[in-house]
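FYI, the numbering for the sequence shown is 2 to 123, going by this note's numbering. Before any comments, here is the structure.
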Amino acid sequence: MHETIYRHNIIDHYRNPRNFGKLKHATHSAGHANVSCGDQVQFQARVEKGRIKELAFTGDGCAVSIAATSMLSEFAKGKALSAIKKLGEEDIEKLLGIPISGARERCAMLGLETLQALEAIA
2 MHETIYRHNI
12 IDHYRNPRNF
22 GKLKHATHSA
32 GHANVSCGDQ
42 VQFQARVEKG
52 RIKELAFTGD
62 GCAVSIAATS
72 MLSEFAKGKA
82 LSAIKKLGEE
92 DIEKLLGIPI
102 SGARERCAML
112 GLETLQALEA
122 IA
């Protein structure tokens, strides 16, 4: 029963991703792609005093990739960049609510890898 609820949540985040779009006045950005399947994610953030104040992403990918990135974008707002860098696969599994299988691990982790790579825009 619980897995069904989590799967519905994943589909909802895939069809209606939160924080999707471009962010005006971004101070940080990063982009990554999963070359094996073609998924790609770009994050833009406004960071003040080491904390993510605003966050948006664009990209294209499978349901797991987009849903995990959408959920992560909600979770990351207000968090310190240093805390984001400490997140790992188990944290993404908690957000998704289901275990990540080997075939979908790279898909689920793409958003986190991208967010952890945020750099100041010159």
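A virtual CB, placed ideally from N, CA and C, is assigned to each residue, including glycine.
- prompt: In this structure, does DSSP put Thr70 in helix, strand or coil?
  reply: Of the three classes helix, strand and coil, the one that applies to Thr70 here is helix, per DSSP.
- prompt: Does the beta-carbon of Leu119 have 16 or more other beta-carbons within 10 angstroms, so that it is buried, or is it exposed?
  reply: Note on Leu119: 16 or more other CB atoms within 10 angstroms of its CB, so buried under the neighbour-count rule.
field: Closest Cα partner of Gly51 within the set Asn35, Lys86, Thr70, Gly60
entry: Distances from the alpha-carbon of Gly51 to those of Asn35, Lys86, Thr70, Gly60 put Lys86 closest.
- prompt: If you draw a straight line from the C-alpha of Asn17 to the C-alpha of Ala123, how long is it?
  reply: Between Asn17 and Ala123, the C-alpha separation is close to 32 Å.
message: By alpha-carbon positions, which one of Met72, Gly98, Glu55 ends up nearest to Gly79?
response: The option with the nearest alpha carbon to Gly79 is Glu55.
- request: Tell me where the beta strand (DSSP E) around Gly32 begins and ends.
  value: Residues 29-35.
- prompt: Where does Gly79 fall in DSSP's three states?
  reply: Here DSSP, grouped into helix, strand and coil, assigns Gly79 to coil.
message: Here's the rule I'm using: 16 or more other beta-carbon atoms within 10 Å means buried, otherwise exposed. How should Ile12 be labelled?
response: So Ile12 ends up on the exposed side.
Proximity below 8 Å, CB of Ala46 to CB of Leu73: Cβ atoms of Ala46 and Leu73: not closer than 8 Å.
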